[in-house]
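Everything in the sequence shown is counted per our numbering, starting at 26 for the first residue and increasing by one.
Backbone N, C-alpha and C define an ideal beta-carbon position, used for all residues, glycine too.
Have a look at the structure below, then the notes.
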Amino acid sequence: MRGHIEKRHNSSWTIVIEAGRDPATGKRRRIVRGFKGNKRDAEKEMVRLMHELETGMYVEPSKLTVAQWFRQWFEMQKDRLSPESRERYRGIIESRIIPKLGQIPLEKLQPMHLQRFYAETENERLDGRGGKISPASVRYCHTIVHKALESAVKLKVIRQNVANDVELPKIRREPVKVLTNEQVAAMLEDAKKYPHYVPILLAVTTGMRRGEIYALRWQDVNLDSGIIIVKRTISYTPQDGIFFKEPKTPKSRRTIAIPPVVIEALKSHKVEQAKRRLACGELWVDMDLIFDRGDGRPCHPDSITSWFTEFLRKHGIDAVSFHKLRHTHASLLLEQNVNIKVVQERLGHASIRTTLDIYGHLMPGMQEEAAVKIGEAIKGKSGRGKG
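Below you can see the structure in the form of structure tokens.
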């Protein structure tokens, strides 16, 4: 392998490397690269390129733009993604990444471009509302950028992943907003007037996710023993419509004990559903679902979302989503000194650390209680020693 540099004009050089023959085609391989700088730096760059060629690390300059690569990468990845992730990736690539970075040649992309992009992204909501998006949303965007660039490095499209060199906004976990005992009691009493009562009751008493509740079948519930087995969840995307899938994590597949009030509510609901089924006749679609849209078919998982927000506003409660009932369930259990491990199991968290991170602030009194108990234990032990 031989190389030399040729001067073009002031501070501009051409690096020429004779790299033997291409093993695939047998044709002579000649690398020609432009370089701006002094002669010594041009020679250093030539040595670096020759080293990359000798070690198999050389990457041919890519003419792909960021837009072209990210679209190619998405097509390669989309079948490995869940339907929700596929839609979210597509949306972020097309509505955020490409409009801001798409025209930049992929090999020219720099950390500075990404740093500015993340700063602008944090301050630009796409839903028309004012304010910033969350640091977690910026980090999710970065995850997509990093994966796409890492794939480009592995496929030798670019030399390095510049996403490794950017700073990301820190995530400050805000205390979760939950309903008080009084608010829960008033809400449940009023909810009895509406078709959504049983899903609301389940969310409060089991901590199940919305998708898990609306995916329940009668075969998943044992009304004699008071047990619910969470086996699947329901989701929706514009591309795929309504579909069922495996729960979020292996720990999400779980068994939850339910109180008598829930058992009775489910029994009453089953009777009412049987009446609707009889009225529908042959139009009924038998999917064994506990909650259906009136003819046996699954409910849209978003159907309760806006209704629930308006329902709570009637009670003077703002900024509490249906998902917050899951947090409320955890809060109610911790107030009753239920072991945090049991709370984790009921919620289906992958680890107890997740449960502690989210709900640890709800347990400040437990520290004082622990101090009192250890003090009592020591006194008791000392007393036994004297005897």
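Is the beta carbon of I283 closer than 7 Å to that of I253? The residue given as residue 253 occupies position 228 in the sequence shown. The residue given as residue 283 occupies position 258 in the sequence shown. Remark: C-beta atoms of I253 and I283 approach each other more closely than 7 Å.
When A216, G116 and D104 are compared against P263, the one with the closest alpha-carbon: Reading the sequence shown from its first residue, position 238 is the one you call residue 263. For P263, the nearest C-alpha among the options comes from G116.
Mind checking which residues open and close the alpha helix (DSSP H) that includes S293? The sequence position of residue 293 within the sequence shown is 268, counting from 1. From DSSP, the alpha helix (DSSP H) with S293 extends over P285 to C305.
What three-state label does DSSP hand E43 in the structure shown? Looking up residue 43 in the sequence shown gives position 18. Three-state result, E43: strand.
Decide if the segment 221-239 is in contact with the segment 322-336; the criterion is three or more beta carbon pairs, one per stretch, under 8 Å apart. yes
Identified DSSP bridge partners for Y261: Position 236 of the sequence shown, counted from the first residue, corresponds to residue 261. Note: Y261 sits in a beta bridge opposite I267.
Let me know the secondary structure DSSP gives S407 once reduced to three states. Taking the sequence shown and counting its residues from 1, one reaches residue 407 at position 382. Only weak support is given to the placement of S407: the predicted model assigns it a pLDDT of 47, under 50, and the question is left unresolved by the model.
At what residues does the alpha helix (DSSP H) containing F60 begin and finish? Here the question's residue 60 lines up with position 35 in the sequence shown. Looking at the DSSP string, F60 is not in any alpha helix (DSSP H); the run it does join, the beta strand (DSSP E), is R53 to K61.
Have a look at E77, T39, L78 and V182 and flag the residue whose alpha-carbon is nearest the alpha-carbon of K61. In the sequence shown, counting from the first residue as 1, residue 61 sits at position 36. For the residues E77, T39, L78 and V182, the minimum Cα distance to K61 belongs to T39.
With C-beta atoms as the reference, is D47 less than 7 Å away from R58? On the sequence shown, residue 47 is found 22 positions in, with the first residue counted as 1. On the sequence shown, residue 58 is found 33 positions in, with the first residue counted as 1. Inclusion of D47 and R58 in the CB contact set at 7 Å is not warranted, their separation being larger than that value.
Looking at the unbroken beta strand (DSSP E) that takes in G28, where does it start and where does it end? One-based indexing of the sequence shown puts residue 28 at position 3. According to the DSSP assignment, G28 belongs to the beta strand (DSSP E) that extends over R27 to H34.
Given 8 Å, three or more beta-carbon pairs between the segment 182-192 and the segment 325-338: no
Would you call the CB atoms of R111 and K103 closer than 7 Å? Taking the first residue of the sequence shown as 1, we reach residue 111 at position 86. Taking the first residue of the sequence shown as 1, we reach residue 103 at position 78. In this structure, K103 lies closer than 7 Å to R111 by Cβ.
Rounding to the nearest angstrom, what Cα-Cα distance links P108 and K172 in this structure? The sequence position of residue 108 within the sequence shown is 83, counting from 1. The sequence position of residue 172 within the sequence shown is 147, counting from 1. Approximately 18 Å between the Cα atoms of the pair.
Opening and closing residue of the beta strand (DSSP E) in which A144 lies: Locating residue 144 in the sequence shown gives position 119, counting from the first residue. Taken as a continuous stretch (DSSP letters only), A144 belongs to no beta strand (DSSP E), being part of the alpha helix (DSSP H) at P136 to E147.
Within the same chain, show all residues whose beta-carbon is closer than 6 Å to that of I281, passing over the 5 residues directly before and after it, in chain order. The residue given as residue 281 occupies position 256 in the sequence shown. For I281, where only same-chain residues beyond five positions count, the Cβ hits under 6 Å are T231, I253 and R371.
Range of the contiguous alpha helix (DSSP H) that encloses V170: By one-based count along the sequence shown, residue 170 stands at place 145. Looking at the DSSP string, the run of the alpha helix (DSSP H) that includes V170 is P160 to K179.
Hey, how far is the Cα of I169 from the Cα of H138? One-based indexing of the sequence shown puts residue 169 at position 144. One-based indexing of the sequence shown puts residue 138 at position 113. The straight-line gap from Cα to Cα measures roughly 15 Å.
Does the beta-carbon distance from I42 to M75 come in below 7 Å? Residue 42 sits at position 17 when you count from the first residue of the sequence shown. Residue 75 sits at position 50 when you count from the first residue of the sequence shown. For I42 and M75, yes; Cβs fall inside 7 Å.
Beta-carbon separation (whole angstroms), R235 vs K256, contact threshold 8 Å: Taking the first residue of the sequence shown as position 1, residue 235 is located at position 210. Taking the first residue of the sequence shown as position 1, residue 256 is located at position 231. With a Cβ gap of about 16 Å, R235 and K256 do not count as contacting.
Taking E199 as the reference, which of L78, L180, R141 and D382 has the closest Cα? Counted from its first residue, the sequence shown places residue 199 at position 174. Nearest of L78, L180, R141 and D382 to E199, Cα basis: D382.
Within 10 Å of its beta-carbon, does D249 have 16 or more other beta-carbons around it, so buried, or fewer, so exposed? Your numbering for residue 249 matches position 224 in the sequence shown. The residue is exposed, with fewer than 16 neighbouring Cβ atoms inside 10 Å.
Rounded separation between N206 and S176 - CA only: As a position in the sequence shown, residue 206 is number 181, starting the count at 1. As a position in the sequence shown, residue 176 is number 151, starting the count at 1. Cα to Cα, N206 sits roughly 50 Å from S176.
Less than 7 Å between the C-beta atoms of M233 and L226, yes or no? Translated into the one-based positions of the sequence shown, residue 233 becomes position 208. Translated into the one-based positions of the sequence shown, residue 226 becomes position 201. Against a cut-off of 7 Å, the Cβ pair of L226 and M233 comes out as no contact.
Could you give the distance in angstroms between the alpha-carbon of E79 and the alpha-carbon of T50? Within the sequence shown, numbered from 1, the residue matching residue 79 stands at position 54. Within the sequence shown, numbered from 1, the residue matching residue 50 stands at position 25. Taking the straight line joining both Cα atoms gives about 18 Å.
Measure the Cβ-Cβ separation of K276 and G373 and say whether it is below 7 Å. In the sequence shown, residue 276 corresponds to position 251, counting from 1. In the sequence shown, residue 373 corresponds to position 348, counting from 1. Against a cut-off of 7 Å, the Cβ pair of G373 and K276 comes out as a contact.
Output yes or no for whether 7 Å exceeds the beta carbon distance between L387 and L350. Start at 1 with the first residue of the sequence shown, and residue 387 comes out as number 362. Start at 1 with the first residue of the sequence shown, and residue 350 comes out as number 325. Cβ atoms of L387 and L350: not closer than 7 Å.
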